[in-house]
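Mapping of the sequence shown onto the UniProt record's numbering: residues 1 to 307, in sequence order. Just below is one structure, and these are the notes that go with it.
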Amino acid sequence: MPSDESRWCLIESDPAIFREIIQTVGVKGVSVEDLIMLDSSMLEQYEHVYSLVLLFKWQSSEQASPLGTVVKDAPVFFAKQVIHNACATLAIMNTLCNYPEQVDLGPKVQSYVSFCQDLDPEMRGSLLDSFDELREAHNSFAPHAAFEKDGAAPKDADAYHFVSFVYRHGHVWELDGLQDGPLQCREATDANYREALVEVVQHRIDDIAAKDTAGAAQGISFSLMAIVDDPIAVLEKKIAVLRAEEKSTAALEEELSELLSLRKKDKEANARRRHDYNAMIVTLLKSLAERGQLEKIVAEVQAKASK
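So, in C-alpha cells, the structure goes:
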C-alpha cells in the first residue's frame, strides 16, 4: 500500500460526493450514479457508460490476484496510486482521463492529462498531489470527528479500495492503482461493452468474495458506482429538441424536475457533511452540565446500553 504520509483524507463513498468533486474541478456533463444491482439492463438507460467503479475490502498482495493481463504500454490512460487515501478520486480520474475527446474535462483536468502524456504511471500518480484544486475538493469532505481516539488504527481493521473498469480500444480494462499497469480483461465492442463490463466486474466480485475470509461483512463488502453522461444534461437536450419540433415535453419535464429535486437534496447532504458540529455539541454538553442534567442523561444512556 502507499505511504502513510499523505495530505489527503479518507472520505465517504457516496456518488453525490464524487459528483461534486469532479464538478468543482470543472468537469461538465458527467455524473456518478449508484448501481443497486449488477445488470447490463441497468446500464441501458445511459447513452455512454464511461466506467464502473468498484469499492471492495482490500486484500494483501498475497491474497489478491489480478484477473487480467498487465499491459504496461496499453493505449489507455493509467496512473498508479502513490498517494494514501486518494484511491477513490484516483479511480474517477483514471476514468475521466481516458475520455478527453468525449467528455468536457474543463481546463484544469485537461491540462493535467496533457502534461501527463509522456509520464509513466507512477509520475502521473505523484502529480495528482500537485493538483491543488482536486486535493482541496477531495479534502473538503473530510469527516469531522467529535473525539479523536489515541493511538493508531487497529492492525486488523478492514481497509477498502477502489478500482475502475473502462471500455477502450476494443477491450475492457481494470484500472487498479496498486497494479503496475492497466489490466486487459476481455475483448468487447461498442454493441456489447455494457454486458462485457458487467461480466468482468461480476467475475472480480466473485473472486474477491471467495477470498474474503476475515474481518466484518465477509464476502459482501462491495459498493458499485457508474460514471455516465449526466442524466440532467441529457434530459435538457431532449426537451430542447422536442420544443424545437413543437412536441409535448410534459413527461420529460416531470422527470427532469424529479432529478433536480434529488440533486438539491444531494447538495444539502454534502453541505451537512462539510459542516463541523463539534462546537455545537460541546456547547450543548456544557449547557446540560450547568443545568445539572448531563449526569442523569449519561446514566440513562448507559442503562439502556447495558440491557
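Yeah, the Cβ is synthetic: ideal placement off N, Cα and C, and Gly gets one too.
For the pair Val166 and Leu43, the Cα-to-Cα distance works out to about 13 Å. Here the alpha carbon of Glu295 sits roughly 15 Å from the alpha carbon of Val282. Following the DSSP letters along the chain, one finds Arg168 inside the beta strand (DSSP E) bounded by residues Tyr160 to Arg168. Here Ala226 is bridged, per DSSP, to Glu33 and Leu52.
With contacts defined by Cβ atoms closer than 9 Å, Met225 and Pro15 form a contacting pair.
Boundaries of the beta strand (DSSP E) harbouring Arg186: Leu183 to Glu187, taken from the DSSP string.
For the set Leu183, Leu52 and Ser13, the Cα lying nearest the Cα of Ala88 is the one of Ser13.
By the neighbour-count definition (other C-beta atoms within 10 Å, threshold 16), Asp118 is an exposed residue.
Note that the C-beta distance between Leu55 and Leu35 is not below 9 Å. When the five nearest sequence neighbours on each side are left out, the beta carbons in the same chain lying within less than 8 Å of the beta carbon of Arg274 are those of Ser140 and Phe141, in order along the chain.
For Phe162 and Asp176, the gap between their C-alpha atoms comes out near 7 Å. Note that the C-beta distance between Thr249 and Ser164 is not below 9 Å. For Leu285 and Ala299, the gap between their C-alpha atoms comes out near 14 Å. Secondary structure of Glu255 (DSSP, three-state): helix. For the set Ser130, Trp173 and Leu38, the Cα lying nearest the Cα of Glu187 is the one of Trp173. Residue pairing by DSSP places Trp8 opposite no residue, since no beta bridge is assigned to it. The distance from the Cβ of Trp8 to that of His138 is about 6 Å, consistent with a contact at the 8 Å cut-off.
For His138, the three-state secondary structure derived from DSSP is helix. Within the region 52-135, complete alpha helix (DSSP H) segments of at least 4 residues are found at 87-96, 106-116 and 121-127, given in chain order. A straight-line Cα-Cα distance of about 46 Å links Phe115 and Glu246. In the DSSP assignment, Leu175 falls within the unbroken beta strand (DSSP E) covering His171 to Leu175. For Tyr193, the enclosing alpha helix (DSSP H) starts and ends at Tyr193 to Lys211.
With respect to Val228, Glu33 sits close: the two C-beta atoms are nearer than 9 Å.
Scanning its chain for C-beta atoms nearer than 6 Å, with the 5 sequence neighbours on each side dropped, one finds around Ile232 the residues Leu259, in chain order. One Cα belongs to Thr69, the other to Glu101, and the distance between them is close to 26 Å.
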